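Just so you know, the protein sequences line up as chains A and B, in that order.
30 is the number of the first residue of the first sequence in our numbering; add one for each residue after it.
30 is the number of the first residue of the second sequence in our numbering; add one for each residue after it.
Beta carbons: idealized from backbone N, C-alpha and C, even for Gly.
Since the model is a prediction, treat every value here as computed from it, not as a measurement.
Number of protein chains: 2
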Amino acid sequence: MTFRYKNVYINGTGTVTGPYEKKGPLSPYFDKTYNDLYFGKPTWEQAESKLIEDSVDIVLAKVGKTRFDVDLHISGDLLNQIASSDYAASNIGIPFFGVYSACATSVEGLILGANMIEAKQVKNCICSVSSHNNGAEKQFRYPVEYGGPKPKTATFTTTGGASAYLSYDKKGIRVESATVGTVIDMGIKDVYHMGAVMAPAAASTICQHLNDTKREIDYYDLVLTGDLGVYGKQILKDYMKSEYHINLKNYNDTACMIFDLEKEKDVHAGGSGPACAPLVTYGYIFDLMRKKELKRVLLVATGALHSTTMVNQKLSIPAIAHAISLEVVE
Amino acid sequence: MTFRYKNVYINGTGTVTGPYEKKGPLSPYFDKTYNDLYFGKPTWEQAESKLIEDSVDIVLAKVGKTRFDVDLHISGDLLNQIASSDYAASNIGIPFFGVYSACATSVEGLILGANMIEAKQVKNCICSVSSHNNGAEKQFRYPVEYGGPKPKTATFTTTGGASAYLSYDKKGIRVESATVGTVIDMGIKDVYHMGAVMAPAAASTICQHLNDTKREIDYYDLVLTGDLGVYGKQILKDYMKSEYHINLKNYNDTACMIFDLEKEKDVHAGGSGPACAPLVTYGYIFDLMRKKELKRVLLVATGALHSTTMVNQKLSIPAIAHAISLEVVE
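Here is the structure:
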């Protein structure tokens, strides 16, 4: 399912990160960074919720609006019951829709918002996501204090919050089209190799997008997945070539960009979490777009729909990817 | 935020329940009922996922479509990472959006779908939800085998799956308007009194809806909340009267309808779970509407955004309610 848009723009974004991302190569592009993982809150989960609130405050300031001016807030995150979004929304007070597609949540939110803006059902909306390394580790794997070793295919959940302000004001980045993914389950059960779980979903959505828009892959100056990691990225390239005869040249993956993978060995195959793709895109990529170094970008957010309950029942992990086509406003 | 619709119809619905609901007074209105809680699956979570698949199969058969004819599937449930929706979507294979607003998820899905149908961005969509008593108890409270006693304000999660097929074909039930709720947190921490947690959110959304549509409450033949339970229902009535001077007369709550509260003492204050409101509405209420005994119904789905993690951190429970105005097609 591909939507085309004529009047949808991302007028502003707000990005906030923790200390790991601050040490990374994209640090100058984040709006706000913290030196610790608590941000003045007593727990990681409450800290994660604050990241959303911060990112909303920042984007509102950038576009010169208050929360009372905004019609709709769409948000999601990795915590059970998307708790950091729920609690942030409670403080923010904008009419709220909760969404979930794991690390593809950012683009799910953007698509839902873009559809409503295009149809003038809302005049504006804010789409948020968050993730917190320690919160995610505790919930999905082991508390970080446990210090368990990980295989090199594991990724490192980013700590961050990201919000985008969408409206039909022709300013910023144009949302040109978007493709909703289908859930793909290739039978993979390895919770330390989400890149392998998600790569086929990314391939499926990219091909669906190209098919629906009748475009070649070269139409885009950059195809940006987020977040497959070092190994998932290679799997996607191989898979696209062997299955679809598509050569991913102008291609990168946000997991491989947010950290310095040479220096920071602890991040293993790269960054992950719903915040990773928008942190890289809203800061660094949008900057390149504004400088006209990139004109057309296809952002493909990929989500492993990983449930510890289902994995403990020996089920494989389904995945989804949603794609959104972004252009510079000329 | 209130949306108005001119061309959105629920052409068909599919409802499936477990044995408790089958024993209830609305049993004749469900499309399919099971006598056990597993439905041929090895676990409750996988069983819950099957409820969604069943309900989608049923609604597709009713409207004479296959899954390949459907543009979009929107679904959510109570399981962490909305796992039963994710796994069902993996088998169903329709482009998928995951949503979450606890027991308000059904109406969130309907609103998102209705907006896209109204704007002709999709030609049709299926909106699903599910809940499973034993799965929910295990995740949010204690495994049912534990046999822990509960206070009388507790509700009993319904076991069911419900799907609605929306399109712009003028058949069935018209979706006339809808109001997106804001998250309300009144500081309540009692996980056994979700009615008290959610009633203020219901009040807020009802008043917002009446305000935005410039309607009096009597415009509706029935205001139907789901699911506040016996005590929450009374709280809402009292609260509407004292805070907003609105007398809720033509009013009921789906929690108080799905079970025989006199006979089934174990259900305490009534039914709950995302499936409860649509199970009651898509079967019994739509039947009354088709018979013209009800012409205008405001369905207000209420969700307690209850996270065990946050409650264990001594935080109060935020809530949300989304409202949708339903009319008979003349």
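Consult DSSP for residue i and reduce its assignment to one of helix, strand or coil.
{"i": "B/R325", "result": "strand"}
{"i": "B/T242", "result": "helix"}
{"i": "B/F59", "result": "coil"}
{"i": "A/R170", "result": "coil"}
{"i": "A/I123", "result": "coil"}
{"i": "B/D86", "result": "helix"}
{"i": "A/S104", "result": "strand"}
{"i": "B/T186", "result": "strand"}
{"i": "B/F32", "result": "strand"}
{"i": "A/E356", "result": "strand"}
{"i": "B/E205", "result": "strand"}
{"i": "A/A350", "result": "strand"}
{"i": "A/D316", "result": "helix"}
{"i": "A/Y129", "result": "coil"}
{"i": "A/I264", "result": "helix"}
{"i": "A/D282", "result": "strand"}
{"i": "B/I23", "result": "Limits of chain B in this structure are 30 at one end and 359 at the other, which puts residue 23 of chain B out of reach."}
{"i": "B/L334", "result": "coil"}
{"i": "B/L66", "result": "coil"}
{"i": "B/Y194", "result": "strand"}
{"i": "B/I275", "result": "coil"}
{"i": "B/G299", "result": "coil"}
{"i": "B/I235", "result": "helix"}
{"i": "A/I146", "result": "helix"}
{"i": "B/V136", "result": "helix"}
Sorted by chain position, which residues of the same chain lie with C-beta nearer than 7 Å to residue i's C-beta, five sequence neighbours on each side aside?
{"i": "A/K61", "result": "V45, D83 and I87"}
{"i": "A/G122", "result": "R96"}
{"i": "B/G201", "result": "Y38, I39, N40, G41 and V358"}
{"i": "B/R33", "result": "S206"}
Counting only Cβ pairs nearer than 8 Å, list the residues of chain B close to residue i.
{"i": "A/T254", "result": "Near A/T254 there are no residues of chain B at all, since even the closest Cβ is about 18 Å away, more than 8 Å."}
{"i": "A/T62", "result": "Chain B residues near A/T62: none, gap ~25 Å exceeds 8 Å."}
{"i": "A/S301", "result": "Result: empty, since nearest Cβ-Cβ is about 15 Å, beyond 8 Å."}
{"i": "A/L141", "result": "F126 and L141"}
Once the 5 residues before and after residue i are set aside, which same chain residues still bring their CB inside 8 Å of it?
{"i": "A/T14", "result": "Outside the displayed span of chain A (30 to 359) sits residue 14 of chain A, for which this structure offers no information."}
{"i": "A/R170", "result": "G177 and V220"}
{"i": "B/V128", "result": "I103, S104, G105, I111, T134, E137, G138 and L141"}
{"i": "A/K266", "result": "L277 and Y280"}
{"i": "A/Q168", "result": "L107, L108, N109 and T337"}
Suppose the cutoff is 6 Å on Cβ atoms and the five residues either side in sequence are ignored; what does the same chain contact list for residue i look like?
{"i": "A/Y313", "result": "L55 and Y58"}
{"i": "B/M269", "result": "A232, I275 and L277"}
{"i": "A/A117", "result": "S78, I81 and E82"}
{"i": "A/F130", "result": "The sequence given here has Ser at residue 130 of chain A, not Phe. Contacts found: E137, G332 and I349."}
At 9 Å on the CB atoms, spell out the chain A contacts of residue i, in chain order.
{"i": "B/G210", "result": "P124 and F125"}
Going along chain A, which residues have a C-beta under 8 Å from residue i?
{"i": "B/Q150", "result": "F32, N144, E147 and A148"}
{"i": "B/E137", "result": "F126 and G127"}
{"i": "B/N109", "result": "N109, Q110, S336, T337 and T338"}
Name the chain B residues that come within less than 7 Å of residue i, Cβ to Cβ?
{"i": "A/I235", "result": "Simply none; closest approach about 14 Å."}
{"i": "A/S157", "result": "Ordered by position in chain B, no residue passes the 7 Å Cβ test against A/S157, which lies about 13 Å from the chain."}
{"i": "A/A165", "result": "Result: empty, since nearest Cβ-Cβ is about 12 Å, beyond 7 Å."}
{"i": "A/S119", "result": "V212, D214 and P347"}
Below 9 Å on C-beta distance, what does residue i contact in chain B?
{"i": "A/Y116", "result": "V212, D214, L334, S336, M339, L344 and P347"}
{"i": "A/A131", "result": "Q110, D115 and G127"}
{"i": "A/S206", "result": "Those do not exist, as A/S206 stays about 12 Å from chain B at its closest Cβ, beyond 9 Å."}
{"i": "A/S160", "result": "Near A/S160 there are no residues of chain B at all, since even the closest Cβ is about 13 Å away, more than 9 Å."}
Taking only beta-carbon atoms, is residue i less than 7 Å away from chain C?
{"i": "B/T234", "result": "The structure shown contains no chain C; its protein chains are A and B."}
### Query
In chain order, what residues of the region 323–357 of chain B put their CB closer than 8 Å to some CB of chain A?
The region 323–357 of chain B vs chain A, Cβ under 8 Å: L334, H335, S336, T337, T338, M339, Q342, L344, P347 and I349.
### Members of the region 278–298 of chain A near chain B, C-beta cut-off 8 Å
From the region 278–298 of chain A, no residue has a Cβ closer than 8 Å to chain B.
### Task
Using a Cβ-Cβ cut-off of less than 8 Å, give me the residues of the region 72–83 of chain B that come near chain A, in sequence order.
Correct list: T72, E74 and Q75.
### Query
Just by C-beta distance, which residues in the region 177–203 of chain B are closer than 9 Å to chain A?
Within the region 177–203 of chain B, no residue has a Cβ that lies closer than 9 Å to any Cβ of chain A.
### Query
Listed from N- to C-terminal order along the chain, which residues in the region 85–104 of chain B have their beta-carbon within a distance smaller than 8 Å of any beta-carbon of chain A?
Within the region 85–104 of chain B, the qualifying residues are D100 and L101.
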